[in-house]
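Asker: Residue numbers (the working numbering), protein chains in the order written: chain H, 5 to 376; chain F, 68 to 192. Using N, Cα and C, we set each Cβ at its ideal position, and we do this for glycine too. Note that this is a predicted model, so its numbers are computed, not measured.
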């Protein structure tokens, strides 16, 4: 792990002053945790947590044919997204393999912001630029134009409301609006990756420290704590949300991942991957591929990505993500398993943990759903 | 963090108490506990088992990873800390005290161990 090439966010010095343990994540030096990752996880479930997500890759698409370009380049119906709303979608290869999962915000009629995973931002940027040929649209690399701070958890609306005049009550899940937070111009989005209510605030990097400190002060009385990527991973896992490189990869189509609903065949015009995805959709009906399921441990040993799922001595699948679940108090995992073993309640399923077959219960995803 | 002066330390980040009536206590250091993060599961050797210096005799699972537990000395396990099996967070909250792992009747040779100051220097690097 070389530290020389690591990129640092605008909040780097602040993280260090808070005593964060840092980690190399997709070439960025990011906070893994500040104290106990379980305490951070619990804070987000019950109060609020503050995250630096500035490693995420923002790409702006503008121009008269911005919508047409994104409808061609991505699998979703992006032209159908109204201004001020956001959509979870994917970008696929011609063969249907997933290049990345994305959130696309429609900022204006002819302006979109595509947010890619840090590890795939360059791949997504290159693909969008390539696919933009012939469209009257501009693809702009805005990775360095934004810092991204998320405040997540049941107390987050109150915390944010104390710092902005923006209409948060009118801001629905998967919507975004420009506004001012703590005196700083921000794109305020009601999105997240934790399974809780919460907001993601896109701001200029030079405003990041000021905003972080204002949110920290505003959250002091209600138990807001800074949170690292470690708890972000357990939060998203409990919420059954896929992570690229684990549940998603170029070897899988959205249908393989159980996310075929993001592919909109009914939209106008051709899109990259349409033919292959149509075949994948048919095949998913006729001969189901492995199915993404939840596994809950009966014991205490923790399944990790890559461990074999077994039944009757045979390998029937593979763990893609696993961790001790702070909310359930047991180890949990997501895994791709053969369809015959995918039904919730299927018995006799185990995970091979360093040679011993530990019993696991097959459950429907997600493991955790917040009470609304 | 400070490493208690009366203990000896291995480069695998275990600590070892001076033998009393031939029995030493083993745990992992605060440095190791901090590096692991929240420990959620400990698997210890069984009472009566023979452990060998420098060889794996159990495992510690944290949120992010699993680590082998190495014995810093050779001998017979005479007691394990059931409290830490029941509540693995003791490894994080009190690594040098309530989070001790097992006790060994020393029969064989010890790994080359570090003093507290040597271990502090070793982990500072």
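Would residue 336 of chain H pass as a contact of residue 241 of chain H if the rule is Cβ separation under 8 Å?
Answerer: Walking along the first chain from the start, residue 336 of chain H turns up at place 332. Walking along the first chain from the start, residue 241 of chain H turns up at place 237. Contact flag set, yes.
Asker: Please work out which residues of its chain come closer than 7 Å, Cβ to Cβ, to residue 89 of chain F, disregarding the five sequence neighbours upstream and downstream, and give them in chain order.
Answerer: The count along the second chain starts at 1 and reaches residue 89 of chain F at position 22. So the list reads 172, 173, once near-sequence residues are dropped.
Asker: Establish whether the CB of residue 141 of chain F and some CB of chain H are separated by less than 8 Å.
Answerer: Walking along the second chain from the start, residue 141 of chain F turns up at place 74. No, residue 141 of chain F does not count as interfacial toward chain H.
Asker: Out of curiosity, what's the CA-to-CA distance linking residue 153 of chain H and residue 87 of chain F?
Answerer: Along the first chain, one-based indexing puts residue 153 of chain H at 149. Along the second chain, one-based indexing puts residue 87 of chain F at 20. Their backbone Cα atoms lie some 54 Å apart in a straight line.
Asker: Residue 96 of chain H bridges to which residues according to DSSP?
Answerer: Here residue 96 of chain H refers to the residue found at position 92 of the first chain. H:102, per the DSSP bridge assignment.
Asker: From which residue to which residue does the alpha helix (DSSP H) around residue 102 of chain F run?
Answerer: The sequence position of residue 102 of chain F within the second chain is 35, counting from 1. Taken as a continuous stretch (DSSP letters only), the alpha helix (DSSP H) holding residue 102 of chain F covers 97-103.
Asker: Listed from N- to C-terminal order along the chain, which residues in the stretch 95-110 of chain H have their beta-carbon within a distance smaller than 7 Å of any beta-carbon of chain F?
Answerer: Going along the stretch 95-110 of chain H in chain order, one finds no residue with a Cβ nearer than 7 Å to chain F.
Asker: So, with DSSP's three-state summary, where would you put residue 240 of chain H?
Answerer: Counting from one through the first chain, the residue named residue 240 of chain H turns up at place 236. In this structure, residue 240 of chain H counts as helix in the three-state DSSP scheme.
Asker: From the DSSP secondary-structure annotation, give me the bridge partner or partners of residue 156 of chain H.
Answerer: The residue you call residue 156 of chain H lines up with position 152 of the first chain. Note: residue 156 of chain H sits in a beta bridge opposite H:53, H:202.
Asker: Under 7 Å Cβ-Cβ, which residues of chain F neighbour residue 327 of chain H?
Answerer: The count along the first chain starts at 1 and reaches residue 327 of chain H at position 323. Neighbours of residue 327 of chain H on chain F, chain order: 130.
Asker: Quick one: using the 10 Å Cβ neighbour count with 16 as the cut-off for buried, is residue 93 of chain H buried or exposed?
Answerer: If you number the first chain from 1, residue 93 of chain H lands on position 89. So residue 93 of chain H counts as buried.
Asker: Where do the N-terminal and C-terminal ends of the beta strand (DSSP E) with residue 352 of chain H fall, by residue?
Answerer: In the first chain, the residue the question calls residue 352 of chain H occupies position 348. Per DSSP, residue 352 of chain H belongs to no beta strand (DSSP E) and is neither H nor E.
Asker: According to a CB-to-CB cut-off of less than 8 Å, which residues of the stretch 296-322 of chain H neighbour chain F?
Answerer: Residues passing the 8 Å Cβ filter: 304, 305, 306, 308.
Asker: Using a Cβ-Cβ cutoff of 9 Å, what residues of the stretch 33-49 of chain H are near chain F? List them in chain order.
Answerer: Here the close residues are 36, 37, 40, 41, 42, 43, 45.
Asker: Looking at chain F, is there any beta carbon in it that lies within less than 8 Å of the beta carbon of residue 250 of chain H?
Answerer: Within the first chain, the letter at position 246 stands for residue 250 of chain H. Chain F, which has no Cβ nearer than 8 Å to the Cβ of residue 250 of chain H, makes this no.
Asker: Could you please give me the residues that DSSP links to residue 128 of chain F through a beta bridge?
Answerer: Here residue 128 of chain F corresponds to residue number 61 of the second chain, with the count starting at 1. For residue 128 of chain F, which the question treats as bridged, DSSP gives the partners F:108, F:133.
Asker: Using 7 Å as the cut-off, classify the Cβ of residue 302 of chain H as near or not near the heavy atoms of the ligand NAP, replying yes or no.
Answerer: No copy of the ligand NAP occurs in the structure displayed, which carries no ligand at all.
Asker: With the cut-off set at 8 Å, would you say residue 190 of chain H and residue 183 of chain H are in Cβ contact?
Answerer: Counting from 1 along the first chain, the entry for residue 190 of chain H is found at position 186. Counting from 1 along the first chain, the entry for residue 183 of chain H is found at position 179. Yes. Within cutoff.
Asker: Hey, residue 66 of chain H and residue 125 of chain H are a contact pair by Cβ (cut 8 Å); roughly how many whole angstroms apart?
Answerer: Residue 66 of chain H sits at position 62 when you count from the first residue of the first chain. Residue 125 of chain H sits at position 121 when you count from the first residue of the first chain. Actually they are not in contact, since the Cβ atoms of residue 66 of chain H and residue 125 of chain H sit about 18 Å apart, beyond 8 Å.
Asker: Would you decide whether residue 159 of chain H is buried or exposed? Buried here means 16 or more other CB atoms lie within 10 Å of its CB.
Answerer: To locate residue 159 of chain H, count along the first chain from 1; it is residue 155. The residue is buried, with at least 16 neighbouring Cβ atoms inside 10 Å.
Asker: Under a CB-based cut-off of 8 Å, is residue 107 of chain F close to chain H?
Answerer: Mapped onto the second chain, residue 107 of chain F falls at position 40. At least one chain H Cβ lies under 8 Å of residue 107 of chain F.
Asker: Taking 8 Å as the threshold (beta carbon to beta carbon), is residue 21 of chain H in contact with chain F?
Answerer: One-based indexing of the first chain puts residue 21 of chain H at position 17. No, its Cβ sits nowhere closer than 8 Å to a Cβ of chain F.
Asker: Taking only beta-carbon positions, decide if residue 234 of chain H is within less than 8 Å of chain C.
Answerer: Absence of chain C from the displayed structure is noted, the protein chains being H and F.
Asker: Determine the DSSP secondary structure at residue 149 of chain F, reduced to helix, strand or coil.
Answerer: Counting from one through the second chain, the residue named residue 149 of chain F turns up at place 82. In this structure, residue 149 of chain F counts as helix in the three-state DSSP scheme.
Asker: By alpha-carbon positions, which one of F:82, F:84, F:137, F:165 ends up nearest to residue 110 of chain F?
Answerer: For this step, residue 110 of chain F is matched to residue 43 along the second chain. Per the Cα distances, F:137.
Asker: From what residue to what residue does the alpha helix (DSSP H) around residue 283 of chain H run?
Answerer: Indexing the first chain from 1 puts residue 283 of chain H at position 279. Start and end: 278-290.
Asker: In its own chain, which residues sit with a C-beta less than 6 Å from the C-beta of residue 4 of chain H, not counting the 5 before and 5 after it?
Answerer: Given that chain H is displayed from residue 5 to residue 376, the structure contains no residue 4 of chain H and the question cannot be resolved.
Asker: Hey, does residue 238 of chain H have any beta-carbon neighbour from chain F nearer than 8 Å?
Answerer: Here residue 238 of chain H is taken as the residue at index 234 of the first chain, counted from 1. Yes, residue 238 of chain H counts as interfacial toward chain F.
Asker: Starting from residue 325 of chain H, trace the beta strand (DSSP E) both ways and give me its first and last residue.
Answerer: One-based indexing of the first chain puts residue 325 of chain H at position 321. Looking at the DSSP string, the run of the beta strand (DSSP E) that includes residue 325 of chain H is 318-329.
Asker: Taking the C-alpha atoms as reference points, what is the distance between residue 3 of chain H and residue 37 of chain H?
Answerer: Nothing about residue 3 of chain H can be reported from this structure: the residues present for chain H run from 5 to 376 only.
Asker: Between residue 108 of chain H and residue 131 of chain H, which are expected to be in contact by the criterion C-beta below 8 Å, what is the C-beta distance as a whole number of angstroms?
Answerer: Position 104 of the first chain, counted from the first residue, corresponds to residue 108 of chain H. Position 127 of the first chain, counted from the first residue, corresponds to residue 131 of chain H. About 14 Å; that fails the 8 Å criterion.
Asker: Please list, in chain order, all residues of the same chain as residue 170 of chain F whose beta carbon is under 6 Å from its beta carbon, the five residues on each side excluded.
Answerer: By 1-based counting over the second chain, the position of residue 170 of chain F is 103. Answer for residue 170 of chain F: 90, 92, 145, 146, listed in chain order.
Asker: Kindly list, in the order they appear in chain H, the residues whose Cβ is closer than 8 Å to that of residue 125 of chain F.
Answerer: Reading the second chain from its first residue, position 58 is the one you call residue 125 of chain F. Those do not exist, as residue 125 of chain F stays about 12 Å from chain H at its closest Cβ, beyond 8 Å.
Asker: Please list the terminal residues of the continuous alpha helix (DSSP H) segment that includes residue 76 of chain H.
Answerer: Taking the first chain and counting its residues from 1, one reaches residue 76 of chain H at position 72. Counting along the chain, the alpha helix (DSSP H) containing residue 76 of chain H begins and ends at 70-77.
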